[in-house]
Each structure stands twice: as C-alpha cells, then as structure tokens.
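Here's the structure we're looking at; comments come further down.
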Amino acid sequence: MQISEALERLHAFDETRYAVYHAMSILYVDGDTAAPKESWRGRSRTMGYLSGLAYEAVSDPRLQEAVSTVLQADGTVSARDRRIAELFHEDMEDMLLFSREEYVQNQHLLTQANTVWHEAKEKSDYALFAPYLEKLIAYQRRFAALKDPHKDPYDVLLDTYEKGMCVSDLDPFFALLREELTPLIQTIASLPAPRTDFLHRSYPLHLQRAFSDRLMAMMGIDRDRCNIGETEHPFTDGTNKWDVRITTHYREDDPASSMYSVIHEGGHALYELGVDDDLQFTRLSGGSSMGIHESQSRFYENLIGRSLAFSKAVFPAAKELFPEQLSDVTLEAWYRGINRATPSLIRTEADELTYPMHILIRYEMEKRMIAGDVKVDDLPAMWNDMYRTYLGVTPTCDREGILQDSHWSGASIGYFPSYALGSAYGVQMLANMEKDVDVWGAAEKGDLRPVTAWLRERIHRYGQSLTSAELLLSAGVAPFDPRCYVDYLKQKFSALYGLSS
6 MQISEALERL
16 HAFDETRYAV
26 YHAMSILYVD
36 GDTAAPKESW
46 RGRSRTMGYL
56 SGLAYEAVSD
66 PRLQEAVSTV
76 LQADGTVSAR
86 DRRIAELFHE
96 DMEDMLLFSR
106 EEYVQNQHLL
116 TQANTVWHEA
126 KEKSDYALFA
136 PYLEKLIAYQ
146 RRFAALKDPH
156 KDPYDVLLDT
166 YEKGMCVSDL
176 DPFFALLREE
186 LTPLIQTIAS
196 LPAPRTDFLH
206 RSYPLHLQRA
216 FSDRLMAMMG
226 IDRDRCNIGE
236 TEHPFTDGTN
246 KWDVRITTHY
256 REDDPASSMY
266 SVIHEGGHAL
276 YELGVDDDLQ
286 FTRLSGGSSM
296 GIHESQSRFY
306 ENLIGRSLAF
316 SKAVFPAAKE
326 LFPEQLSDVT
336 LEAWYRGINR
346 ATPSLIRTEA
356 DELTYPMHIL
366 IRYEMEKRMI
376 AGDVKVDDLP
386 AMWNDMYRTY
396 LGVTPTCDRE
406 GILQDSHWSG
416 ASIGYFPSYA
426 LGSAYGVQML
436 ANMEKDVDVW
446 GAAEKGDLRP
456 VTAWLRERIH
466 RYGQSLTSAE
476 LLLSAGVAPF
486 DPRCYVDYLK
496 QKFSALYGLS
506 S
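Position 495, counted from 1, in the sequence shown is what this note's numbering calls 500; the numbers after and before it change by one each time, with no gaps.
See the structure below:
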C-alpha cells in the first residue's frame with residue numbers, strides 16, 4: 006500500500022472512530038445523569054451495536070495494512086501521523102484479543118454492571134453487584150493473559166492507565182507514603198481538631214448550585230463549552246474541546262463535597278478544553294494518560310483549591326451566598342476547616358493527608374483480585390479489614406464501604422493508583438510553575454488563568470500527541486521524585502497543626 010493511500014485510510018478511520026465514540030460517550034453521560042433507571046435496556050443494545058461497528062472497522066485488513074505501512078515508513082510521514090498510527094496499533098492489539106462477539110458482550114456487561122452498581126449502592130447491597138464484578142474481574146484477567154502471558158497481569162492493567170507503570174514501581178511508592186505519612190496521621194489524630202461544624206449546617210441546594218457556578222468562573226471554565234450535571238459519582242467526559250461535561254453531587258449538610266468535586270472535575274475539564282484545535286476529532290485529542298489527567302484534577306482540587314491564597318477568594322463568595330451559615334466563621338477557621346485531617350471512610354471526601362491511604366487500600370485489593378487470591382464474596386470483609394488497619398475506621402454498610410466508587414463497575418481495575426501518582430506529579434509541577442508565575446497572587450484574586458496558561462503550554466495543548474513521559478519532562482517532573490510529595494504533605498499539615506516539620 007502506498008503511503009498516500011495509507012494516510013487517507015488512516016484519516017478516514019479516525020473520523021469513523023470519533024463519530025462512534027462520540028455517540029457512545031453521550032449515551033454514557035445521559036445514562037449516568039438524566040436517563041430513567043430502566044433505560045439501560047435500550048442503551049445497552051445501542052452501545053453493543055456501536056461497539057460492534059468499532060470492532061469491524063478495526064478488524065478491517067485494509068486498516069491494519071494502512072497502520073503497518075505508516076509505522077514502517079522511514080521519514081516520509083509526519084510525527085503527528087506516526088503518533089496516530091502508534092495509538093491505533095495499540096487500540097487494534099487490545100481490541101482484537103477478543104472475537105467480535107466477546108467484545109460486544111463485554112460492552113453489554115459494562116452497561117448492565119454500571120446500572121446494577123447504582124442500584125446496589127442505593128440499597129447498600131453488595132450481593133446485587135457481586136456477580137457482575139466477578140465477570141468483570143474474569144474479563145480483565147483474561148485480557149491481561151492474552152495481551153502478555155509472560156507479564157504480571159496487574160502490570161498489564163496498570164500499563165493501560167499509565168504507560169510503563171508496574172508493581173515494582175508502585176510498591177516502593179506506596180511504601181514510602183505509608184511509612185512517612187502514617188505517623189503524622191496518628192499524631193494529628195491525637196491533637197485537638199479544628200472546628201468543622203459550619204461545614205455541616207443546612208446549605209440549600211439551589212445556592213450550592215450557584216456556588217458551583219462561581220467556582221467554575223474562578224477557574225476560568227468557559228460555560229459555552231462546558232456544562233455541569235448531577236450524578237451519584239462525579240466524573241468528567243470530554244468528547245471534544247467544545248463539548249465537555251463535568252458532574253457533581255449535592256448534599257444539603259455538606260457543601261464541601263460538591264465544592265471539591267467541582268474543582269476536581271474542573272481540573273479535568275480544563276485539560277480537555279486546552280487541547281489544541283488541530284487535534285480535535287482525532288485520536289490525538291484527550292489526555293495522554295490517567296496519571297497526567299489526575300495530576301490536573303488533583304492540582305486544582307488540593308494544591309490550589311485547599312490553599313490559603315485561594316481561600317481568600319472563595320471564602321468571601323461563600324459568605325455572600327451563605328451569610329447565615331458562615332456568620333460566625335473567620336477566614337482562618339474556614340481554611341483550617343477545609344484542611345482538617347482525620348481518618349474517614351469515603352475516598353472522595355477524604356482530606357489531602359489521609360487520601361493516599363484510600364488509594365493504597367484499593368491498590369492492595371486490586372493486586373489480590375487480579376491474582377485470584379481473594380474471592381469476590383470476600384471482598385467486603387477484606388475492604389473493612391484494610392480500613393481498620395490503615396485508617397482505624399470501619400464501614401458500617403456496603404454503601405460507605407466497597408460500593409462507594411464506580412470504577413470497578415466500569416472494569417477500571419488499575420486506575421486507582423493514577424490518583425496518587427497524579428497528586429505527586431502535581432507537587433513537582435507546582436515547584437516549577439512558581440518559578441514563572443505568581444501562582445498565589447492569581448489564586449488570591451480568584452483568577453486562575455495564569456496558572457492554567459502555564460499548564461496549557463506544557464501539558465494541555467498536546468493532547469495525546471506526546472507521551473506521558475514527554476509531558477512530565479515538559480512540566481519539570483523528570484525525574485519523578487515522590488519524596489517531594491511526601492515533604493509537601495508533611496510541611497503543610499505540620500504547619501496547620503503546629504508541629505515541627
């Protein structure tokens with residue numbers, strides 16, 4: 006096949022791929038936010054049909070020949086086209102491990118599993134979800150065995166979310182977090198806690214929604230290209246930079262829950278909104294890896310969102326919307342309250358210091374799940390035991406325990422470590438950003454555009470045209486040093502609680 010024909014076929018498939026996955030993405034968002042409960046029956050059929058179209062396109066020998074031709078070309082194709090071909094080659098290798106029938110059946114399973122997870126969480130009944138989780142684990146174990154039978158199956162899954170990452174990298178990373186942070190967590194638990202009573206008063210939901218609008222404005226999120234919906238487990242979906250959806254959930258007695266969901270998902274959104282125009286509708290749009298994506302969400306949520314500087318902008322806006330609820334609260338009390346460190350049950354509500362322990366628990370569980378060392382029926386007890394061991398708290402029901410996260414219902418086993426890696430990446434990014442940008446001056450004004458501009462230039466704009474390793478180098482995270490993350494947490498929380506760091 007001639008290079009010209011190969012490129013023409015490659016670009017034609019890129020258009021088909023985008024159209025199929027755009028439709029599937031919108032169906033997923035609708036199903037998780039607005040669609041009636043029983044709508045999964047029709048959505049499952051459509052998702053299966055669309056996934057079948059994608060499979061047929063990928064399995065076309067002419068496309069495979071086109072990809073091979075581009076990859077074998079020596080200096081006659083652009084770096085952009087070569088990168089597209091590389092990503093398509095990876096996609097084809099993964100998808101074609103299974104027959105068309107198996108692949109489509111798995112899409113049906115994913116839709117059903119997500120629907121059942123919602124019901125199981127609502128009823129706090131793990132037994133409803135367990136049969137689906139067992140099938141999803143089996144599918145992922147089979148995928149790993151087919152993709153690389155000589156490699157640890159969990160390493161295969163980790164690689165799909167953060168290229169090159171493996172257990173031999175993550176074990177020492179999490180060991181460092183456990184060894185260095187556990188003593189500090191235990192020390193702080195013995196000290197008087199800052200007041201947080203004001204965060205559990207009655208905050209009308211319509212005013213919380215208005216507060217979300219304020220936060221998105223401070224973050225510089227273009228509302229003509231990004232809207233906000235409501236769901237059980239917040240997420241972000243970006244099909245292109247002109248159509249990004251973030252979600253949150255509201256609790257009348259916990260405004261911080263929605264506040265930090267909005268800032269976290271807003272970080273994801275800013276990444277998607279910042280990808281260069283000429284990468285849109287191609288395989289090169291979107292985030293480079295989940296570790297990079299989570300570095301952006303955790304950067305905004307914690308490094309900026311929980312800082313004293315940003316509190317100086319957010320707190321007045323909160324007092325304006327909630328004058329009665331915050332009438333007896335000072336800026337200092339607000340700042341200390343939103344940074345209270347205490348072991349808790351829910352990952353998404355966890356403070357910045359104890360959060361890595363939530364990820365460690367899931368990491369250890371996933372390793373055993375994929376290794377086949379634990380039965381699905383025993384997972385809730387294992388979850389509860391690990392929460393007692395690592396955080397000293399015990400779930401009282403499945404809803405606040407093993408059913409709290411949606412990830413496993415989507416077969417996203419191997420994703421969770423990305424949150425901890427992303428948090429650590431962000432600290433090194435911040436150190437480099439501070440050399441070029443008045444970060445805290447911008448945060449104090451409630452205008453994060455200079456912060457986002459720095460990230461856009463080094464990370465966002467490239468989409469998937471660069472690898473995660475290349476992006477980390479661009480943002481100054483090379484070599485990766487988890488000690489920076491540990492030192493940041495120890496210094497911040499030692500200062501908050503009056504300890505010598």
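We put the CB at the ideal spot given by N, CA and C, even for glycine.
Alpha-carbon to alpha-carbon, residue j and residue i
i, j, result
"S562", "D281", "This structure cannot speak to residue 562, because the chain is shown only from 6 to 506."
"W413", "L141", "8 Å"
"H155", "E127", "40 Å"
"P260", "A323", "10 Å"
"A150", "V381", "20 Å"
"M6", "L15", "12 Å"
"M223", "V267", "11 Å"
"P188", "F179", "15 Å"
"D86", "L162", "26 Å"
"P328", "E61", "58 Å"
"L476", "L453", "21 Å"
"G503", "K497", "10 Å"
"A346", "N307", "13 Å"
"A508", "A135", "As displayed, the chain neither begins before 6 nor continues past 506, which places residue 508 out of reach and without an answer."
"N389", "T21", "45 Å"
"S296", "A78", "The identity of residue 296 in the sequence shown is Gly, whereas the question assumes Ser. Near 31 Å, if we compare the C-alpha coordinates of A78 and G296."
"A132", "Q213", "34 Å"
"L12", "M100", "21 Å"
"N437", "Q285", "28 Å"
"L58", "T74", "23 Å"
"G481", "D378", "39 Å"
Cut-off 6 Å between Cβ atoms - residues of its own chain near residue i, not counting five sequence neighbours on either side
i, result
"L275", "T457"
"F320", "L336, W339"
"F240", "T252"
"R3", "For residue 3 there is no data in the structure shown, the boundaries of the chain being 6 and 506."
"A372", "At residue 372 the sequence reads Lys, which differs from the Ala that was named. Closer than 6 Å at the Cβ level, and outside the excluded window around K372, lie Y159."
"C231", "V249, A274"
"W45", "T116, T120"
"I418", "Q145, L162, E371"
"S290", "V280, L284, G468"
Exposure of residue i, with buried meaning 16 or more beta-carbon neighbours within 10 Å
i, result
"W247", "exposed"
"T401", "exposed"
"L396", "buried"
"K42", "exposed"
"A429", "buried"
"D410", "buried"
"H211", "exposed"
"P422", "buried"
"Q330", "buried"
"G80", "exposed"
"D242", "buried"
"L278", "buried"
"P361", "buried"
"G446", "exposed"
Close beta carbons around residue i, own chain, < 8 Å, minus the five adjacent residues each side
i, result
"V491", "L181, L182, E185, L186"
"D157", "C171, V172"
Cβ shell of residue i (< 7 Å), same chain only, five flanking positions each side left out
i, result
"T236", "D37, T38, T252, H254"
"S49", "H113, T116, Q117"
"Q69", "M97"
"L32", "R48, T51, M52"
"G544", "Shown here, the chain extends from 6 to 506; a query on residue 544 therefore has no answer."
"T472", "K168, S293"
"A355", "S349, H363"
"D486", "Q433"
Beta-bridge partners of residue i, as assigned by DSSP
i, result
"D248", "N245"
"I464", "Paired residues: none, contrary to the question."
"I233", "I251"
3 or more residues per run - each beta strand (DSSP E) lying fully within the region 156–211: Counting whole runs of 3 or more residues, the region 156–211 contains no beta strand (DSSP E) stretch at all.
Which residue spans inside the region 312–377 form an unbroken beta strand (DSSP E) run of at least 3? You should have found no qualifying run.
What ranges does the alpha helix (DSSP H) occupy inside the region 77–148, keeping only unbroken runs of at least 4 residues that lie completely in it? With a minimum length of 4 residues, the continuous alpha helix (DSSP H) runs that stay inside the region 77–148 are 84–100, 105–128.
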